[in-house]
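Numbering (the numbering used here), first residue to last: 297 to 1006.
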């Protein structure tokens, strides 16, 4: 126990006063006249011992009451488990949660403003000699220094809402690292946050790294319960976007509504223009999937926004994405010496639609590597034995995101084919098989995504091609799937994934001598779907608050040029130069998104164009969105969170749930201890009450003993 005013304890010497009073009042002689001695029988005689005990009790009660009053004026403090009890210099680390959820309304206005007011009051309550460290969710490098009291107040006042949402475990270790040294000062960590479960996770795996001597105090800001509806994700049916094609964009809406709601609005904007509108219905407990239908009217990088309306939680109402729309599919026909005129005619007919395909033919013996790198689909046909250089070029392009359609010639194949297939992750080719009678293929796997949109409904009977000669393969590779198979299940036409790209293998040539593929109706839609899915132009979307890297496929590093990121709705003054490096398949770009605002962005390439001017071109559109975990507004109960902290190893932790007015008082209790003056005053009054009861009882007994007879 410690005293705020220990000098008052000298007043305990006044306890001698009631002792003296009692000593002089122990014996009181009173003369009573009796008319006759018979009345003495009615006098109740008290024993000397009982009277002495009562007097001693009164004395002790008066001494106790006086002592309690003196101790109360000395203001004793009972140290708590979290308290430090010393008055030395302190080092205080203050964390301000600036994640999107802190912008919601709390009991006394926006939670971030309430947190700032509490942090300002906290710093004001400390001594001018204390040192402070203020950090927000963005982990700004400029915050890695100690501040004076005035500097800390200015820094807290300047805190603004952001979009970073770090896990609280990382915040605690960041504060611990900053506070850990051998200075001997008392270290305190305050965290002003809303205890959102999605960002406050403790696994117990780092218990051995926790500094159990560090005082950790969470100051919670509780939001008013709200229903949140948010755009969770979006995706296309097909991997490639083409000009003039109808598109179906699937949208998933997540929510925590407790009752059904109909006709909620949904819209799609492309390059800043409204492209589609729709509505949806939500049902409690289930996400809602809906679609938006539209058509692309222009090619190139596209930035799109899918948005809904949901007040007052609005930070997750929009989903920003970016993707590329191609004018046509670039096809390279890589033909070998074994390619027959009939096969060349068949391939030309398949990819002869100039509006959809841009075809380039080249011989396998004289490769144009630039042409291969620019292709979306490479068709390898009539090559008996691919060279090592050709195999390496094909593997590199497929890994970088291109598609490869392989149609080997008849008869035995060279070792290069097995090298190519094994490199792709497919099963190698065995023997060349022939049959005098046509062998009809057994099964069309129409449920594969490649055939999406080809059939209006699942076909029961399909007229499949027949073959007389084929390259036998016992099975498909681990990442390879059958599109068409023989009756015994062995593969005929297969597809698989390799890196960012995909490959297709046909076991029979197009030559009519060995199959009727070239004349069969199934070949055209299959080849068209192979072309349409040849380059995966997925949605480019990233999370604000987390740095990322992106691969710009097919982009060559230009000497003297640069890459920059800018908002799609901004101008050149907002461009941010990007770090980049050449990797197989293109250029990898580092995106510093820790403090990026959500929205649509463009990556621009700048190169010298002569005449002291630069040529600027847009190479990618992308979207930056707030962390989707922020959309879950579930919060921890204070006691459960304290128990989780203790389990993790933060044993000197506390959770303070209060308004600004009560915050400082509770902090003072934690640091100095629990004040006992009120309890002592209560005890003093209790002792005086007991004394009064004893004296009243004594005075009530005395008249009956001393009253004379009438």
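Using N, Cα and C, we set each Cβ at its ideal position, and we do this for glycine too.
Nonlocal neighbours in the same chain, by C-beta distance under 8 Å from residue i, ignoring five residues either side
i: residue 306; result: none
i: residue 689; result: 663, 665 and 668
i: residue 671; result: 626, 627, 628, 656, 693 and 698
i: residue 786; result: 768, 769, 770 and 771
i: residue 930; result: 492, 493 and 494
i: residue 682; result: 660, 676, 690, 710, 712, 713, 715 and 716
Candidates the options: closest to residue i by CA position
i: residue 783; options: 806, 731, 685 and 740; result: 740
i: residue 812; options: 308, 535, 363 and 737; result: 737
i: residue 973; options: 302, 364, 924 and 350; result: 364
i: residue 952; options: 515, 471, 496 and 412; result: 515
i: residue 607; options: 810, 390 and 524; result: 524
i: residue 577; options: 571, 569, 587 and 568; result: 587
i: residue 416; options: 560, 403, 426 and 390; result: 390
i: residue 890; options: 698, 845 and 538; result: 845
i: residue 518; options: 385, 925, 398 and 709; result: 398
i: residue 986; options: 928, 303, 358 and 743; result: 358
i: residue 446; options: 470, 894 and 429; result: 429
i: residue 718; options: 931, 763 and 776; result: 776
i: residue 473; options: 463, 506 and 696; result: 506
i: residue 293; options: 801, 802, 892 and 795; result: A question about residue 293 goes unanswered here, because the residues of the chain that appear run from 297 up to 1006.
i: residue 528; options: 865, 851, 898 and 837; result: 837
i: residue 640; options: 468, 808, 355 and 978; result: 808
i: residue 405; options: 709, 520 and 779; result: 520
i: residue 865; options: 879, 847, 898 and 849; result: 898
i: residue 441; options: 427, 453, 948 and 450; result: 427
i: residue 756; options: 720, 749, 742 and 944; result: 742
i: residue 611; options: 926, 824, 935 and 569; result: 926
i: residue 747; options: 971, 371 and 829; result: 829
i: residue 386; options: 360, 413, 349 and 444; result: 444
Own chain partners of residue i with C-beta closer than 6 Å, once the 5 adjacent residues on each side are dropped
i: residue 659; result: none
i: residue 988; result: none
i: residue 620; result: 597 and 833
i: residue 706; result: 765, 805 and 810
i: residue 876; result: 859, 883 and 885
i: residue 600; result: 566 and 617
i: residue 677; result: 631, 635 and 703
i: residue 913; result: 901
i: residue 802; result: 703 and 789
Distance between beta carbons of residue j and residue i, contact taken as under 8 Å
i: residue 613; j: residue 548; result: Not quite, the Cβ-Cβ distance comes to about 14 Å (not below 8 Å), so this is no contact.
i: residue 667; j: residue 625; result: So it is not a contact: roughly 14 Å between Cβ atoms.
i: residue 494; j: residue 458; result: With 8 Å as the limit, residue 494 and residue 458 do not qualify as a contact, their Cβ atoms being about 16 Å apart.
i: residue 806; j: residue 642; result: 5 Å
i: residue 461; j: residue 923; result: 4 Å
i: residue 618; j: residue 919; result: 5 Å
i: residue 950; j: residue 513; result: 5 Å
i: residue 604; j: residue 646; result: Between residue 646 and residue 604 the Cβ distance is about 43 Å, and since that is not below 8 Å, they are no contact.
Buried or exposed (CB count within 10 angstroms, at least 16 for buried), residue i
i: residue 393; result: buried
i: residue 486; result: buried
i: residue 868; result: exposed
i: residue 490; result: buried
i: residue 1022; result: The first residue shown for the chain is 297 and the last is 1006, placing residue 1022 beyond what the model contains.
i: residue 238; result: Absent from the model: residue 238. The displayed extent of the chain is 297 to 1006, so no value can be given.
i: residue 381; result: At residue 381, the pLDDT of 47 sits below 50, so the modelled position is not reliable; the number obtained from the coordinates is stated separately. Residue 381 is exposed by the Cβ-count criterion.
i: residue 937; result: buried
i: residue 921; result: buried
i: residue 781; result: buried
i: residue 312; result: exposed
i: residue 1001; result: At residue 1001, the pLDDT of 48 sits below 50, so the modelled position is not reliable; the number obtained from the coordinates is stated separately. Burial call: exposed.
i: residue 551; result: buried
i: residue 932; result: buried
i: residue 735; result: buried
i: residue 980; result: buried
i: residue 570; result: exposed
i: residue 633; result: exposed
i: residue 878; result: exposed
Chain-order list of residues whose beta-carbon lies under 7 Å from that of residue i (same chain, five-residue window excluded)
i: residue 353; result: 990
i: residue 761; result: 737, 811, 812, 813, 816 and 818
i: residue 939; result: none
beta-carbon residue i near the ligand PLP non-hydrogen atom, thresh 7 Å
i: residue 488; result: Looking for the ligand PLP in the displayed structure turns up nothing, as the structure carries no ligands at all.
- prompt: At which residue ranges does the stretch 790-838 contain complete alpha helix (DSSP H) runs of 4 or more residues, listed in the order of the chain?
  reply: Taking only runs of at least 4 residues, the alpha helix (DSSP H) segments lying wholly in the stretch 790-838 are 819-828.
Completely contained beta strand (DSSP E) runs for the stretch 393-453, where each covers 3 or more residues: Qualifying beta strand (DSSP E) stretches, in chain order: 427-432.
query: Counting only runs that start and end within the stretch 894-954, where is the beta strand (DSSP E) found for 3 or more residues in a row?
result: Restricted to the stretch 894-954, the beta strand (DSSP E) segments that are unbroken, complete and at least 3 residues in length are 895-906, 909-921 and 949-952, listed in chain order.
- prompt: At what residue ranges does the stretch 457-500 contain a whole run of the alpha helix (DSSP H), taking only runs of 4 or more?
  reply: 464-475
message: So within the stretch 560-601, which uninterrupted beta strand (DSSP E) runs reach at least 3 residues, ignoring any that extend past its ends?
response: 569-578 and 584-591
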